[in-house]
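Chains as they are written, first to last, in the numbering used here: chain U, 72 to 186; chain D, 1081 to 1194.
For each residue, glycine too, the CB sits at the ideal point set by N, CA and C.
Every value quoted in this text rests on a predicted model; they were computed, and no experiment measured them.
Report on one structure; see the data block that follows.
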């Protein structure tokens, strides 16, 4: 059973470009969370999605950031017009829902560098 | 808002000694408390978790204790080994109906010296 997959693992963008990060949850998992980790800091919740629905986006900046989890395909975190402050590691995690839905399994992360 | 504080930020021990990391949480409705280990450049890996209906849980050299009244939980690692060196994160959440937003502490960098 493959774990959570993320791509790309590293992404370099210039200011003003778009960054698109992908996350494929573990097989059978329908819940996806995105977290951001700044250097030397803990992980900060961004958004929680189930298939085709955004459940909680309270941790995501209102502008430039968006997320989706379509019926088919991976979850995507999209950052438009990137700025240097967006440089961070972005992790997604998936969980199976009931009955042990609380356990989250993390992907390897995408390290975004904005020049 | 929800907050998790973690101490110490760095911890240095000799191989074979014990290490203790402490966390406090602000949301009294929190009911799930996982601990993650993150090696440099790697993904966070779940090492142990505890639910609010349990006061203590142990898995080989790792144990976690929870004091709901004080809103405090701790990670204990015994007989530390160099491969235990990593950053450890505690987290707390209010798990309900499949929803489980984790609030993380800032992390503890553990160094185990041979």
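DSSP beta-bridge partners of residue 135 of chain U: If you number the first chain from 1, residue 135 of chain U lands on position 64. For residue 135 of chain U, which the question treats as bridged, DSSP gives no partner whatsoever.
Per DSSP, which one or two residues make a beta bridge with residue 102 of chain U? Residue mapping note: residue 102 of chain U aligns to position 31 of the first chain, counting from 1. In the DSSP output, where bridge partners are listed per residue, residue 102 of chain U has U/121, U/166.
Once DSSP output is grouped into helix, strand and coil, what is the label at residue 1163 of chain D? For this step, residue 1163 of chain D is matched to residue 83 along the second chain. Of the three classes helix, strand and coil, the one that applies to residue 1163 of chain D here is helix, per DSSP.
From U/130, U/172, U/134, U/154, pick the residue whose C-alpha is nearest to that of residue 84 of chain U; which is it? In the first chain, residue 84 of chain U corresponds to position 13, counting from 1. Selected option, being the one with the closest Cα: U/154.
Would you mind sorting residue 1139 of chain D into buried or exposed? The rule is 16 or more other CB atoms within 10 Å of its CB. Here residue 1139 of chain D refers to the residue found at position 59 when the second chain is read from its first residue. Looking at its Cβ environment, which holds fewer than 16 other Cβ atoms inside 10 Å, residue 1139 of chain D is exposed.
How many Å lie between residue 1134 of chain D and residue 1146 of chain D at the Cα? Translated into positions along the second chain, residue 1134 of chain D becomes position 54. Translated into positions along the second chain, residue 1146 of chain D becomes position 66. Residue 1134 of chain D and residue 1146 of chain D: Cα-Cα distance of roughly 7 Å.
With 9 Å as the C-beta to C-beta threshold (strictly closer), list the residues of the segment 109-128 of chain U near chain D in chain order. 111, 112, 113, 114, 115, 116, 119, 121, 126, 127
Contact with chain D by residue 172 of chain U, beta-carbon distance below 7 Å: Counting from 1 along the first chain, the entry for residue 172 of chain U is found at position 101. True, the Cβ-Cβ gap to chain D drops below 7 Å.
Straight-line CA distance for residue 1115 of chain D to residue 78 of chain U? Taking the first residue of the second chain as position 1, residue 1115 of chain D is located at position 35. Taking the first residue of the first chain as position 1, residue 78 of chain U is located at position 7. So the two alpha carbons sit approximately 25 Å from each other.
Taking the straight line between their C-alpha atoms, what separation do you get for residue 135 of chain U and residue 88 of chain U? As a position in the first chain, residue 135 of chain U is number 64, starting the count at 1. As a position in the first chain, residue 88 of chain U is number 17, starting the count at 1. Approximately 11 Å, taken between the alpha carbons.
Buried versus exposed call for residue 1124 of chain D [16 or more other C-beta atoms within 10 Å across all chains shown]: Counted from its first residue, the second chain places residue 1124 of chain D at position 44. Buried, since its Cβ has 16 or more Cβ neighbours within 10 Å.
What does residue 162 of chain U reach in chain D if we use C-beta pairs closer than 9 Å? Working through the first chain from its first residue, we reach residue 162 of chain U at position 91. Here the neighbours are 1123, 1124.
Give a yes or no on contact between the segment 89-106 of chain U and the segment 156-172 of chain U, applying the rule of three or more CB pairs nearer than 8 Å. yes
How is residue 1107 of chain D classed by DSSP in three states: helix, strand or coil? Taking the second chain and counting its residues from 1, one reaches residue 1107 of chain D at position 27. It is coil, neither helix nor strand.
If you reduce the DSSP assignment to three classes, tell me which class residue 155 of chain U lands in. As a working note, residue 155 of chain U is residue 84 in the first chain. The answer is helix: DSSP assigns residue 155 of chain U an H, G or I state.
Taking DSSP as the reference, what is the three-state secondary structure of residue 1097 of chain D? In the second chain, counting from the first residue as 1, residue 1097 of chain D sits at position 17. DSSP places residue 1097 of chain D in coil when its eight states are reduced to three.
Indicate whether at least one CB of chain U lies closer than 7 Å to the CB of residue 1113 of chain D. Along the second chain, read from residue 1 onward, the residue named residue 1113 of chain D stands at position 33. No - not a single Cβ of chain U is within 7 Å of the one on residue 1113 of chain D.
Taking C-beta pairs closer than 7 Å, name the residues in chain U that residue 1180 of chain D reaches, listed in chain order. Counting from 1 along the second chain, the entry for residue 1180 of chain D is found at position 100. Per Cβ cutoff of 7 Å: 166, 172, 173, 175.
Apart from the five residues just before and just after residue 1141 of chain D, which ones in its own chain have a Cβ nearer than 7 Å to its Cβ? Taking the first residue of the second chain as position 1, residue 1141 of chain D is located at position 61. Cβ neighbours of residue 1141 of chain D beyond the five flanking positions: 1157, 1158, 1159.
Whole angstroms is fine: what's the gap from residue 130 of chain U's alpha carbon to residue 1087 of chain D's? The count along the first chain starts at 1 and reaches residue 130 of chain U at position 59. The count along the second chain starts at 1 and reaches residue 1087 of chain D at position 7. Residue 130 of chain U and residue 1087 of chain D: Cα-Cα distance of roughly 24 Å.
Which same chain residues, not among the five before or five after residue 1105 of chain D, have their C-beta less than 6 Å away from its C-beta? As a working mapping, residue 1105 of chain D is identified with position 25 in the second chain. Hits under 6 Å: 1084, 1151, 1172.
For residue 1109 of chain D, return the contacting residues in chain U, with the cut-off set at a CB-CB distance below 9 Å. On the second chain, position 29 is the one that residue 1109 of chain D refers to. Here the premise fails: no neighbours, minimum Cβ distance about 14 Å.
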